[in-house]
Amino acid sequence: MGKKGLTRRQFTGTAAAAAGAVAASSFGAPYVAQGAEKVVKLGFLGPLTGEVAGWALPGRNACLIWADQVNAGGGIKIGDDNYMVEIVSYDNEYLADKSLIGAKKLVLEDDVKLVLMLGGTDAPAAVQFFTKQKMLSTTLLPSDLTPDTLYHLAPAEVHPLYNVTGVEWLAENRPELKTAAICAQDDELGWPSVATYLAAFEAAGIDVVYNKYFDIATTDFAPVVTAMLAENPDIVCLDTAYPDFVNLLCEQLFLQDYKGQIISCTLDFYGRIIEKTSTEFLEGLIFQFPDFDDPAMNEPHINFENPNEFFVNYNERFPDAWSAVTWEYPAIAEMWRLAAEKAGSVEPMAVFASLKEGGRGPHVFGDADWWGEELWGIDNALVGNWPVVQIQNGKATIVEYRNIIDWWNKHGELLKKHTAEQG
Amino acid sequence: MTGGGLTALLAVFCALPFLVALYRLDILIFMLINVILAVSYRFLTLAGEFSLGHVVMMGVGAYGSALATKEAGLSVWLAAPLAAAFTGLLALLLAFPLFRMKGFYFLIGSFAAGEAIRLSWNRFRDPFGGPGGIVFIPSPEIPLPVLGMVDIAADPIAYYFFTLAIVVITIVVFYRLERSRFGLTLHAIHWQDVLAESVGVHIWWYKTFALVLASAFAGLAGGLLGHYLGTVNPTQFNLHIMLFVLVWVIVGGTRTIAGPIIGVVVLTVVDQGLRSLDEWRPLFYGAILILTVMFLPHGLESLPRRAREWWEWARHRRQPPVSDDEEPPESDRPPPQDA
Chain P
11 MGKKGLTRRQ FTGTAAAAAG AVAASSFGAP YVAQGAEKVV KLGFLGPLTG EVAGWALPGR
71 NACLIWADQV NAGGGIKIGD DNYMVEIVSY DNEYLADKSL IGAKKLVLED DVKLVLMLGG
131 TDAPAAVQFF TKQKMLSTTL LPSDLTPDTL YHLAPAEVHP LYNVTGVEWL AENRPELKTA
191 AICAQDDELG WPSVATYLAA FEAAGIDVVY NKYFDIATTD FAPVVTAMLA ENPDIVCLDT
251 AYPDFVNLLC EQLFLQDYKG QIISCTLDFY GRIIEKTSTE FLEGLIFQFP DFDDPAMNEP
311 HINFENPNEF FVNYNERFPD AWSAVTWEYP AIAEMWRLAA EKAGSVEPMA VFASLKEGGR
371 GPHVFGDADW WGEELWGIDN ALVGNWPVVQ IQNGKATIVE YRNIIDWWNK HGELLKKHTA
431 EQG
Chain E
129 MTGGGLTALL AVFCALPFLV ALYRLDILIF MLINVILAVS YRFLTLAGEF SLGHVVMMGV
189 GAYGSALATK EAGLSVWLAA PLAAAFTGLL ALLLAFPLFR MKGFYFLIGS FAAGEAIRLS
249 WNRFRDPFGG PGGIVFIPSP EIPLPVLGMV DIAADPIAYY FFTLAIVVIT IVVFYRLERS
309 RFGLTLHAIH WQDVLAESVG VHIWWYKTFA LVLASAFAGL AGGLLGHYLG TVNPTQFNLH
369 IMLFVLVWVI VGGTRTIAGP IIGVVVLTVV DQGLRSLDEW RPLFYGAILI LTVMFLPHGL
429 ESLPRRAREW WEWARHRRQP PVSDDEEPPE SDRPPPQDA
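Next comes the structure, spelled out in structure tokens:
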């Protein structure tokens with residue numbers, strides 16, 4: 011290497027300095043409770059790195075903000091004591107073996123009282139361990155629930171069941187829409203969601219004129235959109251597509267001059283989609299995940315402390331990173347706080363009993379029922395109201411809360427039929 | 129390493145489960161399974177080919193053993209070796225198209241073959257379980273006089289020693305093979321395949337045997353993993369995991385069988401050491417890899433030699449250390465054939 015180039019020694023020095031700076035900033039994170047005060051630790055076991063990190067890291071960061079808010083308010087009141095909250099995270103890289111290691115570390119070494127998980131393929135080994143240890147754990151994917159996962163709860167979302175609320179609202183408020191086209195990625199997230207949308211459209215009297223999966227490796231969505239629009243649908247349904255897919259599908263719909271109704275499960279980073287398309291194009295789009303600065307989040311049935319402040323704090327610390335999963339983990343933590351205060355204990359089984367008392371629990375969108383035996387063989391999913399969200403003037407706006415179980419009681423058989431057909 | 133040194137190393141591994149916390153015992157179990165994977169992978173590289181399908185072969189063993197126990201009701205003790213043998217058989221079939229290729233083309237071909245297998249687990253929910261894989265895989269049990277059937281996967285110490293025994297067998301098999309006439313021929317194929325063929329060596333047969341044996345042991349490692357975790361899914365055997373195997377082998381070194389073992393052990397320790405950094409961990413991990421490759425291009429196994437050279441250089445201020453591009457010392461050359 012010439013004299014003007016970077017020598018190996020210089021490179022090493024620069025790399026070490028950069029690594030040190032990053033380490034210092036990481037170790038200096040503000041969420042660790044200090045001093046001799048009583049501390050309760052909550053575990054976060056999820057993919058903080060890798061391809062699936064987008065569904066866990068924003069949630070972990072949101073939990074840190076939630077913990078800061080709780081601690082700033084004096085902590086969690088258990089009897090005469092105030093407990094400060096500490097979030098202990100373990101990156102399981104979305105792998106079953108790392109998940110089991112993390113589960114054992116969090117329970118046996120860190121003595122956490124609750125483990126928050128994303129759920130999915132990394133979960134089974136860890137959840138078996140939690141069950142043996144009588145440790146309370148949670149998932150965002152109710153498909154993790156089985157009759158054997160006794161203390162594993164799905165207290166935030168019941169994907170994809172809540173998607174029915176959007177279709178039902180659309181059918182009531184825009185009765186002129188009679189046909190729909192559905193596209194979805196060909197994977198475990200897409201299949202059950204398609205079954206749910208098919209059932210919801212059938213219940214609403216809307217004909218599905220196009221329903222096809224696209225490969226998970228798809229990068230060019232022009233042919234997918236062209237094929238859908240060839241059927242001239244009144245509604246284009248994006249199913250539960252991954253954020254990048256939703257982004258690209260919307261862009262293609264815009265480029266191919268679609269002017270009809272769009273419905274989607276999520277609409278993460280919708281500001282970026284508006285930048286690529288237009289405010290007018292996205293106007294009226296229906297999806298299921300609200301921003302927490304929404305005025306409807308201040309209604310009395312909401313079980314979340316200061317949602318507007320939480321939203322502002324999150325966007326200040328992590329700009330442009332609010333997504334569908336951001337609020338779900340802290341919402342579960344908040345539900346745990348309410349149950350622990352009610353139980354007068356932070357011990358997992360005491361909080362579990364408090365949560366399940368009377369068959370109802372404090373879901374973020376209002377008290378809800380523990381439900382799910384018909385689908386997963388155990389009533390460990392908290393199901394009740396879910397918001398229907400609409401883009402209005404470029405901003406996500408809750409238009410109504412609807413009850414999922416009400417829909418199930420009327421149309422549950424349809425969902426069972428379509429689930430069986432989709433395999 | 130001397131016989132005394134090996135005995136001491138084995139003693140350390142036998143003592144480890146009683147010295148570490150329970151959750152760290154799991155790290156050791158997975159580390160041992162990875163040692164089998166890395167050592168078997170290195171054996172394949174002796175023939176001069178780097179494959180990107182080795183982790184998928186591990187998956188074939190894991191899925192095979194899981195299905196044999198769960199669906200066919202076979203005992204784990206029978207299912208795991210059968211699944212390993214099936215993995216070897218599958219590797220034999222793959223050898224026909226794959227060994228029509230060399231070098232970069234073999235690399236890509238092995239990746240394509242591996243992905244075809246892995247995506248079939250994803251696609252066919254019956255019997256592979258789709259993306260969610262197979263869960264509630266039975267554990268290995270042993271009959272004990274008073275206790276009856278004892279589940280050894282439920283006791284991490286028992287499973288650790290069980291895995292350690294398999295690791296020792298694996299190392300002995302590959303070590304002996306490498307030092308045999310067969311191993312020397314593989315080395316010859318690696319460095320001078322045309323010359324080896326010109327003197328009558330049937331290259332395809334040698335490469336195929338290396339692939340079959342390496343794959344069978346990878347399959348055995350998969351069985352060990354699946355029966356301990358109780359679950360297998362396609363994500364556990366994707367390219368991302370394969371890259372880790374490459375990193376273990378390259379960072380550890382490929383000249384001796386100790387290289388990949390050192391790679392797995394050191395990088396497992398490093399990975400655990402960086403755990404507190406959460407999402408920053410890959411950055412540090414990557415920096416360590418870059419520095420290792422920069423300063424120790426022949427892997428961590430060359431560290432003692434490089435350290436000696438640096439020490440001599442620093443002491444005498446004479447010439448800089450010998451470049452790694454130069455002829456390796458005698459100790460780094462292919463091992464002599466056993467009598």
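Chains as they are written, first to last, in the numbering used here: chain P, 11 to 433; chain E, 129 to 467.
By construction, the Cβ of each residue, glycine as well, lies at the ideal position given by its N, Cα and C atoms.
| query | result |
| --- | --- |
| Segment contact flag, the stretch 313–325 of chain E with the stretch 185–201 of chain E, C-beta cutoff 8 Å, min 3 pairs | no |
| Residue(s) in a DSSP beta bridge with P:F297 | P:V399 |
| P:P134, DSSP secondary structure in three states | helix |
| Other residues of its chain near E:A208: CB distance less than 6 Å, five sequence neighbours each side excluded | S193, G351 |
| With 16 other Cβ atoms within 10 Å as the buried cut-off, status of P:S364 | buried |
| Environment of E:Y287 [buried if 16+ CB atoms lie within 10 Å] | buried |
| Short CB-CB distance (under 8 Å) between E:Y287 and chain P | no |
| Among P:A106, P:L128, P:G394, P:A343, the one whose alpha carbon lies nearest that of P:A66 | P:L128 |
| Exposure label - P:V374; buried when at least 16 CB within 10 Å | buried |
| Rounded C-alpha distance that separates E:N361 from P:Q266 | 39 Å |
| Listed by chain order, chain P residues near E:L150 by CB distance under 7 Å | K114, L118 |
| Where E:I155 meets chain P, residues with beta-carbon distance less than 8 Å | I111 |
| Reduced DSSP secondary structure (H/G/I, E/B, other) of E:A207 | helix |
| Residue span of the alpha helix (DSSP H) that contains P:C247, given as start and end | It is not in any alpha helix (DSSP H) - P:C247 instead sits in the beta strand (DSSP E) that spans 245–247. |
| Residues near P:E431 in its chain [Cβ-Cβ closer than 6 Å; skip 5 each side] | none |
| Cβ shell of P:P68 (< 8 Å), same chain only, five flanking positions each side left out | F328, A331, W332, S333, V335, T336 |
| 8 Å Cβ cutoff met for P:N390 and P:L155 | yes |
| Chain-ordered chain E contacts of P:E198 [CB-CB under 7 Å] | G258, P259, G260 |
| Within 8 Å, strictly: CB atoms of E:V373 and E:Y151 | no |
| Exposed unless 16 or more other CB atoms sit within 10 angstroms - verdict on P:Y104 | buried |
| Residues that P:T206 contacts on chain E, provided the C-beta gap is smaller than 9 Å | In chain order: nothing, as chain E lies at least about 18 Å away. |
| Helix, strand or coil at P:S274 according to DSSP, with G and I counted as helix | coil |
| Residue from P:V246, P:I226, P:K114 with nearest C-alpha to P:G176 | P:V246 |
| Nonlocal neighbours in the same chain, by C-beta distance under 8 Å from P:E351, ignoring five residues either side | I86, K87, I88 |
| Below-8 Å beta-carbon distance, E:V394 vs any chain P residue | no |
| Cβ distance (whole Å) where P:I408 is taken to contact P:E293 below 8 Å | That pair is no contact at about 16 Å. |
| Option nearest E:A196 by Cα separation, candidates E:I262, E:S430, E:D279 | E:I262 |
| Residues in the stretch 210–227 of chain P having any Cβ partner in chain E nearer than 7 Å | none |
| Residue from P:V50, P:G60, P:W76 with nearest C-alpha to P:Y339 | P:W76 |
| Cβ-based burial, P:T289 [other Cβ within 10 Å; buried from 16] | exposed |
| Integer-rounded CB distance, given that E:S248 should sit under 8 Å from E:L180 | Incorrect: roughly 17 Å between the Cβ atoms, too far for contact. |
| Three-state secondary structure (DSSP) of P:S147 | strand |
| Opposing strand residues paired with E:T359 [DSSP bridges] | E:V263 |
| CB contact below 8 Å: P:G38 versus chain E | Reliability of the predicted coordinates at P:G38 is poor, the pLDDT of 38 falling under 50, and no value is obtained from them. |
| Residues sharing a beta bridge with P:N413, DSSP | P:N395 |
| Within-8 Å CB hit, E:F158 to chain P | yes |
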